[in-house]
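Visitor: Chains as they are written, first to last, in my numbering: chain P, 29 to 413; chain G, 55 to 408.
Even glycine gets a Cβ: it sits at the ideal position worked out from N, Cα and C.
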């Protein structure tokens with residue numbers, strides 16, 4: 029049976045310097061009015077320029093090969109940058125998907141020409157990526173995707189619809205999963221291919237979909253006879269299922285998988301002051317113990333990635349435990365805050381802040397792999413499937 | 055963490071498997087396994103693991119010692135190895151050569167206080183002290199006007215009122231009034247009541263993590279063997295998801311326990327970092343024991359509730375270890391107080407420092 033080993037990986041000393049650099053950089057951005065660290069919705073108008081300044085610091089694609097503009101720094105260093113930006117509520121939306129997922133996918137599977145063209149621009153913070161996976165009839169069941177890519181002279185023609193595509197309306201490129209052949213009786217995962225899609229290409233249209241939280245990230249992306257050049261296929265034709273798994277460990281184990289509602293905890297600590305009642309003290313202690321443990325698990329997985337392992341199950345565990353925790357956090361903060369008067373004075377904003385986190389809480393166990401899918405992966409790792 | 059490669063840990067696991075296997079212990083239905091198993095443990099020197107060579111011990115590194123105790127949790131070891139290691143560790147800290155008889159450690163409760171009078175006799179009461187037939191001595195942290203001291207005491211000199219915990223192991227209230235120590239020495243800087251509780255809490259976290267590791271293993275095995283509705287129950291999604299959740303709890307407890315052990319190795323017992331790490335480990339392992347025991351029993355159904363099945367040896371120990379050296383609410387209060395002190399601005403730097 030799989031041994032669940034989470035070694036006590038510590039961030040090396042050079043990460044401390046980097047952490048201070050990131051904090052100083054973010055403090056200057058806050059001072060300049062780029063974003064408000066207590067408002068996770070701030071920074072939407074400044075995200076694009078912010079992205080370029082982060083790129084100029086060398087903090088996008090920092091683990092990538094130097095030949096593509098990267099710096100070949102460690103995953104642990106990237107981890108520090110990611111968590112500092114997440115906790116500060118910095119507007120990373122313009123570069124985060126490319127940095128975490130799309131870039132590494134291109135490095136592994138794209139043609140040399142594409143890599144040379146796209147990766148340095150990502151590193152400079154100039155281009156934004158989105159991920160085209162879900163369709164109206166294909167969510168967790170990725171292999172039900174039916175949006176078609178049909179062979180034409182020198183390329184492919186795409187028709188169909190992707191949905192729930194976060195940030196598509198601001199994106200320059202999508203890495204999308206399209207059906208190039210029918211699945212086979214032996215392998216229902218066969219027949220899907222990854223493509224790099226220029227979102228500005230003729231025939232691509234984005235229709236915004238409002239979210240219950242008031243956010244406007246979702247889109248429906250319609251492909252109407254969109255032509256994709258031959259060298260924009262990413263990896264094996266009909267064999268995308270073989271490439272899906274290794275990136276998932278990066279996508280699932282990062283600090284963003286348990287810190288999305290961290291603001292609810294820091295707002296709570298702020299609201300209850302230095303002498304909270306015993307119940308509140310114990311409640312906060314418990315939350316911090318759980319958060320610390322999650323972070324230690326996540327750093328441990330970052331260490332496994334740095335060591336060249338593929339900790340698919342460990343990463344699924346971090347995301348499962350982490351997202352269930354961050355989902356509960358605002359509700360528990362609400363409970364504890366009730367014991368302290370916080371309606372007046374400077375704490376008047378606590379309820380408003382909390383409302384945002386309460387409203388986004390339902391999504392965290394859905395995005396990027398639902399709890400149910402993750403538990404299936406863990407069960408397989410345990411030898412039950 | 056060198057635990058898999060460690061010769062000492064491998065030796066410990068071999069002794070546990072040969073002489074204290076939980077299934078064999080159940081089948082015996084008596085305590086005849088205890089004396090040979092304990093003798094074998096003494097032979098290996100494991101109870102003195104954390105004692106330096108100058109005081110007659112093998113000077114096993116702290117983290118390897120913790121790994122031994124996690125391994126002892128994996129067999130639900132019903133011998134007072136953890137207690138003996140802790141007692142010998144505290145005596146050695148004060149420069150006292152540990153005696154051949156095993157000593158349990160006092161205090162293990164947050165509210166205990168043992169004092170010393172002018173005549174050198176002790177006074178005060180301790181609660182929740184782990185005792186057993188193999189324990190003939192107590193290593194006691196004593197408060198005095200000259201600062202904390204460590205005393206070595208004969209158990210038969212004390213009034214001891216032992217009661218079984220959930221797992222049937224004895225936890226005692228001990229009255230030290232009038233007891234004259236066999237040895238008495240000043241505690242080194244930093245060894246105080248709080249430090250002893252932290253060390254004990256880190257040990258119990260390891261034992262709980264170890265017990266949970268084995269509970270996951272036997273639950274998964276049972277789910278692949280037990281047939282219901284025409285197939286192994288592990289093929290039902292509801293059962294798979296429960297076991298996946300158990301996997302998450304095991305992962306959390308292991309990560310928290312090894313991280314706390316590593317923190318003690320590198321930062322000692324008194325730093326803010328260690329307070330965060332140790333309290334988090336005791337809290338999170340305690341929670342995992344609760345959730346994990348419930349799932350492991352659910353998967354096993356009625357057979358896991360029988361006295362003949364090994365599961366209860368793990369589940370009940372994991373649950374009762376929550377109560378030693380401060381429970382979840384005690385440590386949550388410690389950690390929450392620290393967080394209130396540093397405030398919202400200090401919280402993230404504290405977490406990120408680890």
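(1) What residues from chain G crowd round residue 348 of chain P, counting only those whose CB sits closer than 9 Å?
(2) Taking Cβ positions, are residue 365 of chain G and residue 269 of chain G nearer each other than 8 Å?
(3) Indicate whether at least one CB of chain G lies closer than 8 Å to the CB of residue 431 of chain P.
(4) Assuming residue 274 of chain G contacts residue 402 of chain P (C-beta within less than 8 Å), just tell me the rounded distance between them.
(5) What's the gap between the Cα of residue 225 of chain G and the Cα of residue 374 of chain G?
(6) From what residue to what residue does the beta strand (DSSP E) around residue 326 of chain G run?
(7) According to DSSP, is residue 293 of chain G part of a helix, a strand, or is it coil?
(8) Would you say residue 310 of chain G reaches chain P, if we count a Cβ-Cβ gap shorter than 8 Å as a contact?
(9) Which residues mark the beginning and the end of the beta strand (DSSP E) in which residue 337 of chain P is found?
(10) Might you give, ordered along the chain, the residues of its own chain that have their beta carbon closer than 7 Å to the beta carbon of residue 143 of chain P, omitting 5 neighbours on each side?
(11) I want to verify the contact list: residues of chain G whose CB lies under 8 Å from the CB of residue 111 of chain P, in sequence order.
(12) Output, in chain order, the set of chain P residues within a Cβ distance shorter than 9 Å of residue 294 of chain G.
(13) Mind pulling the alpha helix (DSSP H) runs of 4 or more residues that sit fully within the segment 58-89 of chain G?
(14) In chain G, what lies closer than 8 Å to residue 72 of chain P by C-beta?
(15) Residue 72 of chain G: which of G:61, G:83 and G:91 sits nearest, CA to CA?
(16) Quick check: the Cα distance between residue 122 of chain G and residue 62 of chain G, rounded to an integer number of angstroms?
(17) Do the CB positions of residue 135 of chain G and residue 95 of chain G come within less than 8 Å of each other?
(18) Based on the DSSP output, what are the partners of residue 238 of chain G in its beta bridges?
(19) Between which two residues does the alpha helix (DSSP H) harbouring residue 143 of chain P extend?
(20) Alpha carbon to alpha carbon, how far is residue 369 of chain G from residue 16 of chain G? Give it in angstroms, no decimals.
(21) Note down the Cα distance separating residue 392 of chain P from residue 122 of chain P, rounded to an integer number of angstroms.
(22) For residue 298 of chain P, does the count of other Cβ atoms within 10 angstroms reach 16, so buried, or fall short, so exposed?
(23) When you compare only the Cα positions, how much space is there between residue 173 of chain G and residue 333 of chain G?
(24) Under a CB-based cut-off of 8 Å, is residue 106 of chain G close to chain P?
(25) To be precise: take each residue of the segment 172-190 of chain G, compare its Cβ to all Cβ atoms of chain P, and keep it if any distance is under 7 Å. Which residues remain?
(26) With distances taken Cα to Cα, identify the nearest neighbour of residue 112 of chain G among G:103, G:119 and G:399.
(27) State buried or exposed for residue 253 of chain P, treating a residue as buried only when at least 16 other CB atoms are found within 10 Å of its CB.
(28) Should residue 70 of chain G be labelled buried (16 or more other beta-carbon atoms within 10 Å of its own) or exposed?
(29) Have a look at residue 202 of chain P and residue 285 of chain G and give me their C-alpha separation to the nearest angstrom.
(30) Does any CB atom of chain G fall closer than 8 Å to the CB of residue 310 of chain P?
(31) For residue 306 of chain P, which residues in chain G fall below 8 Å Cβ to Cβ?
(32) Counting only Cβ-Cβ distances shorter than 8 Å, please list the residues of the segment 310-326 of chain P near chain G, keeping chain order.
(33) Do you know how far the Cα of residue 307 of chain G is from the Cα of residue 83 of chain P?
(34) So is residue 341 of chain P buried or exposed if we call it buried at 16+ other beta carbons inside 10 Å?
(35) Flag residue 375 of chain G as yes if its beta-carbon sits less than 8 Å from any beta-carbon of chain P, otherwise no.
(36) If contact means a Cβ-Cβ distance below 7 Å, which residues of the segment 324-350 of chain G contact chain P?
Guide: Inspection of the coordinates gives the following:
(1) 298, 299, 301 and 302
(2) yes
(3) The structure shown does not extend to residue 431 of chain P, since chain P is modelled only from 29 to 413, so the question has no answer here.
(4) No, residue 274 of chain G and residue 402 of chain P are not in contact; Cβ-Cβ is about 17 Å, not under 8 Å.
(5) 10 Å
(6) Per DSSP, residue 326 of chain G belongs to no beta strand (DSSP E); it is in the alpha helix (DSSP H), 326-354.
(7) helix
(8) yes
(9) It is not in any beta strand (DSSP E) - residue 337 of chain P carries neither H nor E in the DSSP assignment.
(10) 96, 134 and 135
(11) 406
(12) 403, 404, 406, 407, 408, 410, 412 and 413
(13) 61-73 and 76-82
(14) Per Cβ cutoff of 8 Å: no residues; residue 72 of chain P is ~23 Å from chain G at best.
(15) G:91
(16) 8 Å
(17) yes
(18) G:205
(19) 140-151
(20) What the structure shows of chain G is the stretch from 55 to 408, and residue 16 of chain G is not part of that stretch, so it cannot be assessed.
(21) 20 Å
(22) buried
(23) 37 Å
(24) no
(25) none
(26) G:103
(27) exposed
(28) buried
(29) 43 Å
(30) yes
(31) 387
(32) 310, 311, 312, 313, 314, 316, 317, 318, 319, 320, 321, 322, 323, 324 and 325
(33) 38 Å
(34) buried
(35) no
(36) 330, 333, 334, 337 and 338
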